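Enquirer: Mind having a look at this structure? Questions to follow.
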Amino acid sequence: EQQYLFGIKDNVMNSGCTETNTTNCNNVNLVNTTNAVVCVVCAPGTNQMTDPNNPALTSVTTGATSMVGLVQSKDGWYVKLATAAGTSAERSVSSPVVLAGAVFFPTLVPTNDFCSSTGTSYLYALYYKTGSAYSSPIIGTSVSGANTNASTRMSLGEGVASQVAVHIDGTGTSNGSTTGGPPGGPVIKACSQMSTGSSTCVDANAPNPPWSRYLSWVRQRG
15 EQQYLFGIKD
25 NVMNSGCTET
35 NTTNCNNVNL
45 VNTTNAVVCV
55 VCAPGTNQMT
65 DPNNPALTSV
75 TTGATSMVGL
85 VQSKDGWYVK
95 LATAAGTSAE
105 RSVSSPVVLA
115 GAVFFPTLVP
125 TNDFCSSTGT
135 SYLYALYYKT
145 GSAYSSPIIG
155 TSVSGANTNA
165 STRMSLGEGV
175 ASQVAVHIDG
185 TGTSNGSTTG
195 GPPGGPVIKA
205 CSQMSTGSST
215 CVDANAPNPP
225 WSRYLSWVRQ
235 RG
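Here is the structure:
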């Protein structure tokens with residue numbers, strides 16, 4: 015069975031879909047962002063965003079042809095989880111965590127052995143407004159031809175991963191990380207406890223600042 019992750023913009027759908035069965039209104043006015051690719055180092059002539067499902071798009075956040083603009087004109091976005099012939103369908107087995115503009119959630123591809131209760135887990139990290147990668151990488155990059163693209167999915171290894179727990183270091187600290195967080199800011203770690211007994215943590219960069227802070231200060235004279 016195909017599984018999906020949904021990012022719904024409003025509590026009330028705007029499309030006016032008349033429900034005739036239990037599934038026909040699931041994604042009638044949602045943007046399919048499953049195959050959207052965002053390059054952080056783009057070959058000449060390549061747009062920041064390419065998406066075969068939405069070929070007019072050119073960027074994540076900027077201008078009339080951005081994914082943000084398209085999603086805002088609809089009811090939200092959805093992502094189809096992976097399926098492959100001869101393997102079990104990927105599925106989300108715990109709730110997502112939203113932090114500083116990023117959506118983190120683990121998935122599981124079970125083994126085909128009915129006597130086994132394990133499989134391979136993956137971590138997804140998506141921009142919450144688009145269901146795609148952000149204009150700067152959240153969990154790293156991958157090379158495709160002359161482009162370097164922002165990753166949205168990475169393997170956590172064998173076992174069933176727990177819901178992601180997020181750790182944020184204080185400003186100026188590193189906690190052993192080599193990446194993550196804006197320059198001079200806190201380092202973000204997305205961690206899952208695996209059913210094998212191991213614990214896996216991934217360095218991450220959030221699209222927005224992940225800590226509370228003053229936006230302005232006005233001193234009132236008495």
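Note that our numbering has the sequence shown beginning at 15, numbered continuously upward. We put the CB at the ideal spot given by N, CA and C, even for glycine. Small disclaimer: the values here were computed from a predicted structure and weren't measured.
How about the segment 70-80 and the segment 170-183: do they share at least three Cβ pairs that are nearer than 8 Å?
Expert: Counting Cβ pairs under 8 Å, fewer than three are found: no touch.
Enquirer: When you compare the CB of Ala204 with every CB in chain C, is at least one pair closer than 9 Å?
Expert: Judged by its chain identifiers, the structure shown contains no chain C, having just a single protein chain.
Enquirer: Three or more beta-carbon pairs under 8 Å between the segment 79-94 and the segment 106-118, yes or no?
Expert: With the cut-off at 8 Å, the segment 79-94 and the segment 106-118 do not touch.
Enquirer: Taking DSSP's pairing of strands, which residues face Val180 in a bridge?
Expert: To locate residue 180, count along the sequence shown from 1; it is residue 166. According to DSSP, which records beta bridges pairwise, Val180 is partnered with Ala204.
Enquirer: Can the beta-carbon of Val107 be found closer than 9 Å to that of Thr47?
Expert: The residue given as residue 107 occupies position 93 in the sequence shown. The residue given as residue 47 occupies position 33 in the sequence shown. No, they are not a contact pair.
Enquirer: Extract the residue ranges of the alpha helix (DSSP H) inside the segment 37-93, only unbroken runs of 4 or more that lie entirely within it.
Expert: Segments of the alpha helix (DSSP H) lying fully in the segment 37-93: 81-86.
Enquirer: Mind checking which residues open and close the beta strand (DSSP E) that includes Arg167?
Expert: Within the sequence shown, numbered from 1, the residue matching residue 167 stands at position 153. Arg167 to Glu172 is the span of the beta strand (DSSP E), which, as asked, contains Arg167.
Enquirer: Ordered along the chain, which non-local residues of its own chain (more than five positions away) have a Cβ less than 6 Å from that of Leu71?
Expert: Against the sequence shown, residue 71 aligns to sequence position 57. These residues qualify, in order along the chain: Met63, Asp65, Thr79 and Met81.
Enquirer: Out of Ser165, Gln207, Gly211 and Arg235, point me to the one whose CA is closest to Ala218's CA.
Expert: Along the sequence shown, read from residue 1 onward, the residue named residue 218 stands at position 204. Answer by Cα proximity: Ser165.
Enquirer: Opposite Ala218 in the DSSP bridges: which residues?
Expert: On the sequence shown, position 204 is the one that residue 218 refers to. In the DSSP output, where bridge partners are listed per residue, Ala218 has Ile202.
Enquirer: With DSSP as the reference, label Pro110 as helix, strand or coil.
Expert: As a first step, residue 110 must be located in the sequence shown, where it is residue number 96. If DSSP states are grouped into helix, strand and coil, Pro110 belongs with coil.
Enquirer: With DSSP collapsed to three states, give me the class of Asn35.
Expert: Here residue 35 is taken as the residue at index 21 of the sequence shown, counted from 1. Residue state, collapsed to three classes: coil.
Enquirer: By Cβ distance below 7 Å, which residues in the same chain neighbour Arg105 in space, the five residues on each side in sequence not counted?
Expert: Translated into positions along the sequence shown, residue 105 becomes position 91. For Arg105, where only same-chain residues beyond five positions count, the Cβ hits under 7 Å are Gln17, Leu95, Thr121 and Leu122.
Enquirer: So, are the CB atoms of Val93 and Tyr138 less than 9 Å apart?
Expert: One-based indexing of the sequence shown puts residue 93 at position 79. One-based indexing of the sequence shown puts residue 138 at position 124. Cβ atoms of Val93 and Tyr138: closer than 9 Å.
Enquirer: If you run the structure through DSSP and keep just helix, strand and coil, what is Val163?
Expert: Residue 163 sits at position 149 when you count from the first residue of the sequence shown. For the record, residue 163 in the displayed sequence is Asn; it is not Val. Residue state, collapsed to three classes: strand.
Enquirer: Assuming the contact rule is C-beta atoms closer than 8 Å, Asn126 and Ala57 should be a hit. Round their C-beta distance to whole Å, please.
Expert: What you label residue 126 is simply residue 112 of the sequence shown in a count that begins at 1. What you label residue 57 is simply residue 43 of the sequence shown in a count that begins at 1. Not quite, the Cβ-Cβ distance comes to about 39 Å (not below 8 Å), so this is no contact.
Enquirer: How many Å lie between Cys205 and Arg167 at the Cα?
Expert: The residue labelled residue 205 in the question sits at position 191 within the sequence shown. The residue labelled residue 167 in the question sits at position 153 within the sequence shown. Taking the straight line joining both Cα atoms gives about 14 Å.
Enquirer: Whose C-beta lies closer than 8 Å to the C-beta of Asn163 among residues of the same chain, with five residues either side of it excluded?
Expert: In the sequence shown, residue 163 corresponds to position 149, counting from 1. Val51, Val52, Cys53, Val54, Ala147, Thr155, Ser156 and Val157, listed in sequence order.
Enquirer: Can you give me the start and stop residues for the beta strand (DSSP E) that Thr121 sits inside?
Expert: Against the sequence shown, residue 121 aligns to sequence position 107. Note, Thr121: beta strand (DSSP E), Ala116 to Pro124.
Enquirer: Compute the distance between the beta-carbons of Ser149 and Glu172, then report whether it is under 9 Å.
Expert: Reading the sequence shown from its first residue, position 135 is the one you call residue 149. Reading the sequence shown from its first residue, position 158 is the one you call residue 172. No. Outside cutoff.
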